[in-house]
Amino acid sequence: MPPEPGTPRAAREQGPNPDASAVRFEHVSKRYPGSGVDAVSDLDFEVPAGEICVLVGPSGCGKTTALRMVNRTVEMSSGEITIGGRSVREGDPARLRREIGYVIQQIGLFPHRTIADNIATVPRLLGWDKGRIASRVEELIGLIGLDPEMADRYPAQLSGGQQQRVGVARALAVDPPVMLMDEPFGAIDPINRSRLQNEFLRLQAELGKTILFVTHDVDEAIKMGDRVAVLKKGGHLAQYATPTELLMEPADDFVEDFVGADRALKRLALMRVRDVDLWTAPVAMAGDPTGPVRQALFSAEVPHAILTDRDNRPLGWLSARDLAAERVPELPDSIADPVLDADSVLRDGLAALLQGSSHYAPVVDRRGALTGVLSVEIISDFLASDEAAEPDHGAADRPLA
Amino acid sequence: MPEPATALSTLTAHGLLPLAEVSSDFFRDRSGGGCIEENKLFCPGWVADNWDRYVDPTLQHLVLVGSAVAAGFLIAFAMAILAHRNRWLATPFLAGTGVLYTIPSIAFFFLLLPITGRGALTAIIALTAFNLQIIFRNITTGLRNVPPGVTNAARGIGLTPSQMLWQVELPLALPEIIAGLRIATVSTVALATLAVFANGGGLGTEIVVGANITFKTGIIVAGSLAILMAILFDGLLLIGGRLLSPWQRAALS
Numbered sequence: 001m002p003p004e005p006g007t008p009r010a011a012r013e014q015g016p017n018p019d020a021s022a023v024r025f026e027h028v029s030k031r032y033p034g035s036g037v038d039a040v041s042d043l044d045f046e047v048p049a050g051e052i053c054v055l056v057g058p059s060g061c062g063k064t065t066a067l068r069m070v071n072r073t074v075e076m077s078s079g080e081i082t083i084g085g086r087s088v089r090e091g092d093p094a095r096l097r098r099e100i101g102y103v104i105q106q107i108g109l110f111p112h113r114t115i116a117d118n119i120a121t122v123p124r125l126l127g128w129d130k131g132r133i134a135s136r137v138e139e140l141i142g143l144i145g146l147d148p149e150m151a152d153r154y155p156a157q158l159s160g161g162q163q164q165r166v167g168v169a170r171a172l173a174v175d176p177p178v179m180l181m182d183e184p185f186g187a188i189d190p191i192n193r194s195r196l197q198n199e200f201l202r203l204q205a206e207l208g209k210t211i212l213f214v215t216h217d218v219d220e221a222i223k224m225g226d227r228v229a230v231l232k233k234g235g236h237l238a239q240y241a242t243p244t245e246l247l248m249e250p251a252d253d254f255v256e257d258f259v260g261a262d263r264a265l266k267r268l269a270l271m272r273v274r275d276v277d278l279w280t281a282p283v284a285m286a287g288d289p290t291g292p293v294r295q296a297l298f299s300a301e302v303p304h305a306i307l308t309d310r311d312n313r314p315l316g317w318l319s320a321r322d323l324a325a326e327r328v329p330e331l332p333d334s335i336a337d338p339v340l341d342a343d344s345v346l347r348d349g350l351a352a353l354l355q356g357s358s359h360y361a362p363v364v365d366r367r368g369a370l371t372g373v374l375s376v377e378i379i380s381d382f383l384a385s386d387e388a389a390e391p392d393h394g395a396a397d398r399p400l401a
Numbered sequence: 001m002p003e004p005a006t007a008l009s010t011l012t013a014h015g016l017l018p019l020a021e022v023s024s025d026f027f028r029d030r031s032g033g034g035c036i037e038e039n040k041l042f043c044p045g046w047v048a049d050n051w052d053r054y055v056d057p058t059l060q061h062l063v064l065v066g067s068a069v070a071a072g073f074l075i076a077f078a079m080a081i082l083a084h085r086n087r088w089l090a091t092p093f094l095a096g097t098g099v100l101y102t103i104p105s106i107a108f109f110f111l112l113l114p115i116t117g118r119g120a121l122t123a124i125i126a127l128t129a130f131n132l133q134i135i136f137r138n139i140t141t142g143l144r145n146v147p148p149g150v151t152n153a154a155r156g157i158g159l160t161p162s163q164m165l166w167q168v169e170l171p172l173a174l175p176e177i178i179a180g181l182r183i184a185t186v187s188t189v190a191l192a193t194l195a196v197f198a199n200g201g202g203l204g205t206e207i208v209v210g211a212n213i214t215f216k217t218g219i220i221v222a223g224s225l226a227i228l229m230a231i232l233f234d235g236l237l238l239i240g241g242r243l244l245s246p247w248q249r250a251a252l253s
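Taken in order, these protein sequences are the chains called A and B.
Under the working numbering, the first residue of the first sequence carries the number 1, and numbering increases by one thereafter.
Under the working numbering, the first residue of the second sequence carries the number 1, and numbering increases by one thereafter.
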């Protein structure tokens with residue numbers, strides 16, 4: 001995510017939440033009574049503490065079953081699941097579930113309870129005192145960016161997106177080390193879904209929970225996951241890898257097919273413009289002599305010069321006609337459009353280049369100062385290189401598409 | 001003026017129908033005006049003079065309805081909870097209460113006479129049995145209509161089955177439960193007028209008195225009191241239900 005001058009990134013740099021716990025599947029299988037085949041078959045992988053693991057696959061691949069075995073809303077047939085080394089099978093399931101956040105697609109807020117009461121559900125089950133509950137509810141309503149006066153409303157009075165935020169707040173109420181999210185944004189329209197995803201990643205950067213996240217949408221998996229577990233029919237794990245590895249080296253035809261023919265393009269959503277080596281272009285300010293600029297063009301990476309202002313902000317491209325004059329003119333032949341933000345993702349950069357039907361786009365930093373030039377060639381070189389295979393991009397560090 | 005109806009006289013003769021004494025005092029109408037003599041349908045003067053006749057039957061009627069609905073609710077509620085936990089019970093429960101619902105009340109009274117004797121208890125048992133089906137069906141429907149997402153979430157965040165029932169499922173089923181109680185109560189108010197055939201008292205006694213003579217004002221008064229009682233109970237349940245489920249109006253606004 002963009003390094004906001006504030007908490008999230010700083011928090012992320014402290015590493016994962018020390019209270020988070022790793023979740024480990026050990027040869028877990030599930031066969032429903034009366035069924036001849038396994039719904040989940042010999043799942044064996046570990047979600048490291050503080051990471052988001054996305055379970056993705058076509059319908060009927062057992063991803064929801066796998067998720068629900070963690071909080072024992074579905075009981076596994078064989079194998080073992082541990083949270084922080086402790087088996088989920090120890091003790092009472094209801095008690096276990098109170099220590100695991102749970103968010104589902106249908107949201108499942110209690111229609112007869114106010115927003116505040118919904119969020120307070122688990123703290124009440126755990127017998128917190130009133131003052132502690134009230135201050136926690138207030139804190140969470142702030143955390144999810146809801147207007148405090150919404151606290152006394154009923155779920156039906158909120159929009160779908162707001163309800164889903166409340167669902168997340170309810171799951172976070174007792175600060176559980178592990179969260180299970182079953183297609184949490186599946187019923188939200190695409191625009192709001194993207195917003196909620198970004199909000200959630202920002203939140204996760206702060207909270208560092210261990211999260212198991214189920215989706216059928218591979219784009220969502222790539223966006224949200226530190227790791228992605230691709231499941232195929234019968235609940236077999238087809239691949240467990242970082243999003244980049246998944247896109248670079250799909251384990252088999254199934255994964256390759258599932259990830260999609262456009263997987264190369266998908267990788268562009270994983271990198272920001274400032275992460276690639278940009279080209280440099282000769283720059284000049286109005287009134288400069290044109291001679292040296294023309295000279296510089298011979299050896300420059302970008303065969304066009306950029307007119308900048310005093311603060312190095314790009315104003316436009318200087319054409320051959322502009323440079324034919326004695327001095328650099330104040331108004332260039334073509335204005336600088338598009339201009340790219342260094343924080344934007346490569347995919348958006350490519351889209352801007354294609355849309356502007358230009359080969360090059362100046363890239364600027366937060367203050368608007370020129371930092372380099374992005375070209376279509378840079379992007380195609382990037383796709384051909386192994387650079388995208390660097391596996392160390394946590395979701396929270398990742399650009400928000 | 002007073003003409004005995006033969007069928008009713010026969011019942012009375014066999015001791016099955018306790019007819020209130022119709023004394024000459026019955027036709028007292030201090031306001032005069034010849035309303036009774038002209039045998040008009042409704043004589044307000046007579047009502048003014050005789051309203052005290054209706055106090056006890058009304059109170060008895062309240063007891064009949066109150067007990068039958070309360071007992072019916074408790075039994076149907078227990079059955080609905082059992083059927084909710086063990087789905088297979090729903091069908092036999094529905095069939096059983098269905099049979100009780102269909103038995104004509106008067107037949108039920110007479111069937112019970114050898115067991116519970118003549119009196120309010122017999123009437124209350126029959127009325128309760130009649131209520132079970134309506135209330136059971138509504139509680140069951142209400143519990144079944146709780147959105148699966150809500151129960152899934154409730155279970156997933158750690159509510160035990162009984163917490164789920166009392167904190168989530170029953171509150172959400174409340175509108176349907178109240179609707180069932182309203183139907184049951186209104187039907188029982190009407191049916192309880194038959195309690196007189198089991199010697200169970202209630203407004204039915206005054207209706208039977210009226211049935212035996214051509215003077216009809218008494219029937220109109222007793223019937224109106226029953227209607228008023230039904231409206232009153234219905235309104236109280238409606239208001240009570242609204243107060244207990246404020247989220248419902250929030251959903252509409």
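Backbone N, C-alpha and C define an ideal beta-carbon position, used for all residues, glycine too.
Check, Outcome
"Buried/exposed call for residue 295(A), threshold 16 Cβ in 10 Å", "exposed"
"DSSP state of residue 322(A) mapped onto helix, strand, coil", "helix"
"Limits of the alpha helix (DSSP H) - the one that residue 80(A) falls within", "Looking at the DSSP string, residue 80(A) is not in any alpha helix (DSSP H); the run it does join, the beta strand (DSSP E), is 78-83."
"Whole beta strand (DSSP E) elements within the stretch 288-334 of chain A, 3-residue minimum", "305-308 and 314-318"
"For residue 155(B), the first and last residue of its enclosing alpha helix (DSSP H)", "148-156"
"Residue 238(A) and residue 55(A) closer than 7 Å at C-beta", "no"
"Residues within the stretch 158-181 of chain B neighbouring chain A, beta-carbon criterion of under 9 Å", "158, 159, 160, 161, 163, 167, 168, 171, 172 and 174"
"DSSP state of residue 271(A) mapped onto helix, strand, coil", "coil"
"Residue 120(A) Cβ short of 6 Å to the ligand MN heavy atom set", "Absent from the structure shown: the ligand MN. Ligands present: none."
"Residue 80(A) burial status per 10 Å Cβ neighbour count (16 or more: buried)", "exposed"
"Own chain residues within Cβ distance below 7 Å of residue 191(B), not counting five before or after", "105, 127 and 130"
"Residue-chain proximity (residue 142(B), chain A), Cβ-Cβ < 7 Å", "no"
"Per-residue DSSP class, three states only, for residue 54(B)", "helix"
"Beta-carbon contacts of residue 175(A) that lie in its chain and below 7 Å, excluding the five residues immediately before and after", "none"
"Contact with chain B by residue 71(A), beta-carbon distance below 7 Å", "yes"
"Separation of residue 118(B) from residue 67(B), as counted between CA atoms", "17 Å"
"Among 237(B), 243(B), 185(B) and 143(B), nearest to residue 83(B) - alpha-carbon criterion", "143(B)"
"Other residues of its chain near residue 120(A): CB distance less than 6 Å, five sequence neighbours each side excluded", "133 and 137"
"Test: residue 88(B) CB closer than 7 Å to a CB of chain A", "no"
"Beta bridge counterpart(s) of residue 216(A) as assigned by DSSP", "Answer is none; residue 216(A) lacks a bridge partner."
"Residue 45(A) - partner residues in DSSP beta bridges", "25(A)"
"When 209(A), 382(A), 329(A) and 323(A) are compared against residue 350(A), the one with the closest alpha-carbon", "382(A)"
"Residue 266(A) to residue 259(A) span [Cα, whole Å]", "9 Å"
"Straight-line Cα distance separating residue 254(A) from residue 48(A)", "25 Å"
"Chain B contact for residue 125(A) (CB, 7 Å cutoff)", "yes"
"Residue 191(A), buried or exposed, once every other Cβ within 10 Å from all chains shown has been counted against 16", "exposed"
"Neighbour-count burial assignment, residue 111(B), 16 or more Cβ in a 10 Å radius", "exposed"
"Length at least 4, wholly inside the stretch 205-270 of chain A: the alpha helix (DSSP H) runs in chain order", "218-224, 243-248, 253-259 and 263-267"
"Three-state secondary structure assigned by DSSP to residue 87(A)", "strand"
"Among 154(B), 155(B), 74(B) and 150(B), nearest to residue 136(B) - alpha-carbon criterion", "74(B)"
"Helix, strand or coil at residue 30(A) [DSSP, three-state]", "strand"
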